[in-house]
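Chemist: Pasting a structure below so you can have a look.
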Amino acid sequence: MTQSLFFRFLARVMMPVLILFSLFLLLRGHNEPGGGFVGGLVGAGSIVLMTLAYGAEEVRQRLRIDFLRTMYYGLAVAILAGVIGLVIGVAFQDAYWWTTFIQGIGSIEVSTPLLFDIGVYMVVLCVTSSIVMNMAEEGEREDH
Amino acid sequence: MQPYIVLPLIIPLLMVLTALARFRVFRRRLAQIGAFANLLACVALLIVTETGQIQVSQMGGHPAPYGITLVVDPLSAIMLTIAAVIVFAVVIYSRAAIDINRERFTYYPLLGCLLLGINLAFLTGDLFTLYIAFEIMLMASFVLLTLGGERGQLEGGLKYVVLNVVGSTLFLIAIGLTYSVAGTLNLADLAQRLADAPSIGITTVLAGLFLIAFGIKAAIFPLFFWLPASYHTPPIAITALFGGLLTKVGIYSMWRVLVLVFPNELVVLQPLLLTLAMLTMITGVLGAVAQMDLRRLLSFHIVSQIGYLLMGTALLTEAGLAGAVFFMIHVILAKTALFFISGIAYEAQGSYDLKKLGGMRVMHPGVALLFVLAAFSLAGLPPLSGFWAKLLLIRAALEAGQYLVVAVALGVSLLTMYSMVKIWNEAFWAPPAPGRVAAMLSREDRRSLMFPTTLLVVLIVVVGLLAEPVIRLSSQAAVGLMQPAAYIDTVLVDSEVEE
Numbered sequence: 000m001t002q003s004l005f006f007r008f009l010a011r012v013m014m015p016v017l018i019l020f021s022l023f024l025l026l027r028g029h030n031e032p033g034g035g036f037v038g039g040l041v042g043a044g045s046i047v048l049m050t051l052a053y054g055a056e057e058v059r060q061r062l063r064i065d066f067l068r069t070m071y072y073g074l075a076v077a078i079l080a081g082v083i084g085l086v087i088g089v090a091f092q093d094a095y096w097w098t099t100f101i102q103g104i105g106s107i108e109v110s111t112p113l114l115f116d117i118g119v120y121m122v123v124l125c126v127t128s129s130i131v132m133n134m135a136e137e138g139e140r141e142d143h
Numbered sequence: 000m001q002p003y004i005v006l007p008l009i010i011p012l013l014m015v016l017t018a019l020a021r022f023r024v025f026r027r028r029l030a031q032i033g034a035f036a037n038l039l040a041c042v043a044l045l046i047v048t049e050t051g052q053i054q055v056s057q058m059g060g061h062p063a064p065y066g067i068t069l070v071v072d073p074l075s076a077i078m079l080t081i082a083a084v085i086v087f088a089v090v091i092y093s094r095a096a097i098d099i100n101r102e103r104f105t106y107y108p109l110l111g112c113l114l115l116g117i118n119l120a121f122l123t124g125d126l127f128t129l130y131i132a133f134e135i136m137l138m139a140s141f142v143l144l145t146l147g148g149e150r151g152q153l154e155g156g157l158k159y160v161v162l163n164v165v166g167s168t169l170f171l172i173a174i175g176l177t178y179s180v181a182g183t184l185n186l187a188d189l190a191q192r193l194a195d196a197p198s199i200g201i202t203t204v205l206a207g208l209f210l211i212a213f214g215i216k217a218a219i220f221p222l223f224f225w226l227p228a229s230y231h232t233p234p235i236a237i238t239a240l241f242g243g244l245l246t247k248v249g250i251y252s253m254w255r256v257l258v259l260v261f262p263n264e265l266v267v268l269q270p271l272l273l274t275l276a277m278l279t280m281i282t283g284v285l286g287a288v289a290q291m292d293l294r295r296l297l298s299f300h301i302v303s304q305i306g307y308l309l310m311g312t313a314l315l316t317e318a319g320l321a322g323a324v325f326f327m328i329h330v331i332l333a334k335t336a337l338f339f340i341s342g343i344a345y346e347a348q349g350s351y352d353l354k355k356l357g358g359m360r361v362m363h364p365g366v367a368l369l370f371v372l373a374a375f376s377l378a379g380l381p382p383l384s385g386f387w388a389k390l391l392l393i394r395a396a397l398e399a400g401q402y403l404v405v406a407v408a409l410g411v412s413l414l415t416m417y418s419m420v421k422i423w424n425e426a427f428w429a430p431p432a433p434g435r436v437a438a439m440l441s442r443e444d445r446r447s448l449m450f451p452t453t454l455l456v457v458l459i460v461v462v463g464l465l466a467e468p469v470i471r472l473s474s475q476a477a478v479g480l481m482q483p484a485a486y487i488d489t490v491l492v493d494s495e496v497e498e
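Sequence order for the protein chains is A and B.
For the first sequence, numbering that gives the first Met the number 0 begins at 0 and goes up steadily by one.
For the second sequence, numbering that gives the first Met the number 0 begins at 0 and goes up steadily by one.
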């Protein structure tokens, strides 16, 4: 936790930018550099930044996300993505695409690799954040 | 293509997900169901493979040398099944042997994670996935080892993780070099390419590197020091699981990688392998003789038994390898059963120290019977499983003309018998230590401790009495390794047909 006003302000400004960028990386990842892992790390970066600026306690209160449980949900999503290929296709992790049309956005492609990436994104984001926040809490306890 | 062979990976993953269940008791029940489902899936795979059909699945439908291949041949099927039996027994046993705090802290999901690593190591058909399986196992086992955070656990865990990370690094270096030499990491493809090429110096170096990397994992001499330093620290259910399975995955990998891919290089390394096997047997058993703590004693015996497995491998004959596979089945069952029994002794008398134990024969005659069967099996008395295992190994060694190894193996058997008799005398036969009141186990605890132990001992007896089909299965697995044509064809040709 820091008292620096400048750093706190910057963290606040950067947080939405980092989260948007991480989502951008996640969606772009299928054919270009990016994907769930990198996206998750960048997303975790935003939470680390907030933890450094405001302290783990406050971030936990504001976000109200149980990181450990969300990690398991992410794992469930990733497994589901693999099982879809097994059920309707020839092999575990087989890739499938569906094109859907959403009013106002246009046609988008939904695929099992994307679902898998979303699962990985959730796992990486949650694991990294929960490790860093635990460490921050430990550090704060020692400071006092 | 048989996509369902991925089941032994999906079931453990679902076991990991049981961490989401809110209640401890519910989580335990789910873990039991998961372990049982995994056992059923593995037995089904064993039955299908036993007819001679090698099962292959390409992850994501990518063809063989490029994608990730899962293969079940008789050897994998045997290993999968035996691992499933052990994990099922451990999950049942954990009900009484693992305290509430550890259960609360995702003990069962971690077991699922460990099972995932073990199953992946047995299923995979390429080197890099094998490395990943080792990493999953290392992470899961490290957390299980230190779960609870007692002082001794952290110390043991540190030694465990440092030496194993060294092993993993060597493994990774060897994988990188292999790729630069052969241009592929698919085991079937590697076997084919290296068999065509004449043996050059670098491949011998590679085989040596793999030997060291797997040697650290399997705890062979002189790389076994992490094992006695760490295995006695966690609760006995975890020690039983590790002692039964983890080092054996190292030996399995030696078979899969060294025997399949580097058969010519193994001939060069044979004297070294035989020496290591003898030294592993001797140091393990001598270390055990000196111990008075049950868990430490049994941990040293793990090392000594690894020597037998290495000996079967080093003979480089089908008979030797078949003996080693049979020995693997036997030793996993016997070792885990013995750890289970020492856990019961601990629950009943509150100590692992042989000096403080006593009178188990009178107070728990059933346990005494189970111990006698498991211990005699480990020592190699007929008609139990250990007798056939050692008979096969020693006959193979005699056929190969390695008389020194035979002498060492027989001597080590005697010493094994000696330390089993020591446990019997101190813990079962001797009168109870003065001032020690035997704690009565509650009925439920008793059931969850006795059922898996009895299951394993019954399996030991059954394997001993009905040795014929098991021997046939083992030699089928050994032939599959020594003559890899069927394996290579199924992995590589089948995927071409798919295209």
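For glycine and all other residues, C-beta sits at the position ideal for the given N, C-alpha and C.
Here the structure is a predicted model, which is why all the values come from computation and not from measurement.
State yes or no: is the C-beta of Gln-499(B) within less than 9 Å of the C-beta of Thr-232(B)?
Modeler: Nothing can be reported for residue 499(B): it is not among the residues displayed for chain B, which extend from 0 to 498.
Chemist: Let me see if you follow: with CB-CB separation under 9 Å, is Ile-101(A) close to chain B or not?
Modeler: It does not: the Cβ of Ile-101(A) has no partner Cβ on chain B nearer than 9 Å.
Chemist: For Gly-322(B), which three-state DSSP category applies?
Modeler: It is helical.
Chemist: Which chain A residues sit within Cβ distance under 9 Å of Leu-19(B)?
Modeler: Correct list: Arg-68, Tyr-71, Tyr-72, Ala-75.
Chemist: Would you mind reading off the limits of the alpha helix (DSSP H) that contains Val-47(A)?
Modeler: Segment 35–53, the alpha helix (DSSP H) holding Val-47(A).
Chemist: Using beta carbons (cut-off 9 Å, strictly below), is Gln-475(B) in contact with chain A?
Modeler: No, its Cβ sits nowhere closer than 9 Å to a Cβ of chain A.
Chemist: Going by DSSP, name the residue or residues bridged to Trp-96(A).
Modeler: DSSP, once it has assigned bridges, lists Ser-110(A) as partnering Trp-96(A).
Chemist: Under 9 Å Cβ-Cβ, which residues of chain A neighbour Gly-60(B)?
Modeler: Result: Gly-84, Gly-88, Val-89, Ala-90, Gln-92, Asp-93, Ala-94.
Chemist: Relative to the C-alpha of Ala-287(B), which residue among Val-411(B), Leu-368(B), Val-180(B), Ala-196(B) is closest?
Modeler: Per the Cα distances, Val-411(B).
Chemist: Say whether chain A places a C-beta atom closer than 9 Å to the C-beta of Ser-56(B).
Modeler: So yes, Ser-56(B) belongs to the interface.
Chemist: Is Met-132(A) helix, strand or coil when you go by DSSP?
Modeler: Here Met-132(A) sits in helix by DSSP.
Chemist: Counting only beta-carbon atoms, is Gly-81(A) nearer than 9 Å to chain B?
Modeler: So yes, Gly-81(A) belongs to the interface.
Chemist: Express the C-alpha separation of Val-71(B) and Ser-350(B) in angstroms, rounding to a whole number.
Modeler: Rounded to the nearest angstrom, the two C-alpha atoms are 42 Å apart.
Chemist: Short of 6 Å in beta carbon distance, which residues of its chain neighbour Gly-81(A), apart from the five on each side in sequence? Order them along the chain.
Modeler: Once the five neighbours on either side are set aside, the close Cβ partners of Gly-81(A) are Phe-91, Gln-92.
Chemist: When you compare each of Leu-8(B), Pro-108(B), Leu-69(B) to Arg-28(B) by their alpha carbons, which one comes out closest?
Modeler: Selected option, being the one with the closest Cα: Pro-108(B).
Chemist: What residues in the stretch 63–85 of chain B have a beta carbon less than 7 Å from any beta carbon of chain A?
Modeler: Within the stretch 63–85 of chain B, no residue has a Cβ that lies closer than 7 Å to any Cβ of chain A.
Chemist: Out of Phe-133(B), Gly-385(B), Ser-341(B), Val-42(B), which one is the CA nearest neighbour of Glu-425(B)?
Modeler: Closest option to Glu-425(B), Cα to Cα, is Ser-341(B).
Chemist: Under 6 Å Cβ to Cβ from Val-258(B), same chain only, skipping five residues before and after it: list those, please.
Modeler: So the list reads Leu-480, once near-sequence residues are dropped.
Chemist: Report yes if the C-beta distance between Leu-115(B) and Val-15(B) is below 9 Å; otherwise report no.
Modeler: Yes; because the gap between Cβ atoms is below 9 Å, this pair is in contact.
Chemist: Since Thr-69(A) and Met-132(A) are thought to touch, with beta carbons under 8 Å apart, how far apart are those beta carbons, to the nearest angstrom?
Modeler: That belief does not hold up - the Cβ atoms of Thr-69(A) and Met-132(A) are roughly 13 Å apart, past 8 Å.
Chemist: What in chain A is Cβ-close to Val-5(B), meaning under 7 Å?
Modeler: Per Cβ cutoff of 7 Å: Leu-85, Phe-91.
Chemist: Taking all protein chains shown into account, do 16 or more other C-beta atoms lie within 10 angstroms of the C-beta of Glu-467(B), making it buried, or fewer, making it exposed?
Modeler: With fewer than 16 other Cβ atoms within 10 Å, it is exposed.
Chemist: Residues in its own chain within less than 8 Å of Asp-116(A) by CB, not counting five upstream and five downstream?
Modeler: Correct list, in chain order: Leu-25, Gly-28, His-29, Gly-34, Gly-35, Gly-38.
Chemist: With Ser-56(B) as the anchor, note down where its beta strand (DSSP E) starts and where it stops.
Modeler: Start and end: 54–57.
Chemist: For Val-490(B), decide whether its Cβ has a neighbour in chain A, counting only Cβ atoms nearer than 9 Å.
Modeler: So, not an interface residue.
Chemist: Quick one: does Ile-53(B) have its CB under 9 Å from some CB of chain A?
Modeler: False, the Cβ-Cβ gap to chain A never drops below 9 Å.
Chemist: Where does Val-109(A) land, buried or exposed, given buried means 16+ other C-beta within 10 angstroms?
Modeler: Burial call: exposed.
Chemist: Taking the C-alpha atoms as reference points, what is the distance between Glu-443(B) and Leu-114(A)?
Modeler: One C-alpha to the other measures close to 44 Å.
Chemist: What do you reckon, are the CB atoms on Leu-79(B) and Arg-255(B) nearer than 9 Å?
Modeler: In this structure, Arg-255(B) does not lie closer than 9 Å to Leu-79(B) by Cβ.
Chemist: If you draw a straight line from the alpha carbon of Leu-184(B) to that of Gly-207(B), how long is it in whole angstroms?
Modeler: Roughly 17 Å separates the two Cα atoms.
Chemist: Give the DSSP bridge partners of Leu-129(B), in chain order.
Modeler: For Leu-129(B), which the question treats as bridged, DSSP gives no partner whatsoever.
Chemist: Give the residues of chain B in contact with Ile-104(A), contact being defined as C-beta atoms less than 9 Å apart.
Modeler: Neighbours of Ile-104(A) on chain B: none; closest Cβ ~28 Å, over 9 Å.
Chemist: For the beta strand (DSSP E) holding Val-71(B), just list the boundary residues, first then last.
Modeler: That run of the beta strand (DSSP E) goes 68–71.
Chemist: Would you say the stretch 143–152 of chain B touches the stretch 97–108 of chain B, given that touching needs at least three Cβ pairs under 8 Å?
Modeler: Yes, the stretch 143–152 of chain B touches the stretch 97–108 of chain B.
Chemist: Ala-43(A) to Pro-32(A), Cα distance in whole Å?
Modeler: Answer to the nearest angstrom: the Cα atoms are 18 Å apart.
Chemist: The alpha helix (DSSP H) spanning Trp-225(B) covers which residue range?
Modeler: Its alpha helix (DSSP H) spans residues 225–229.
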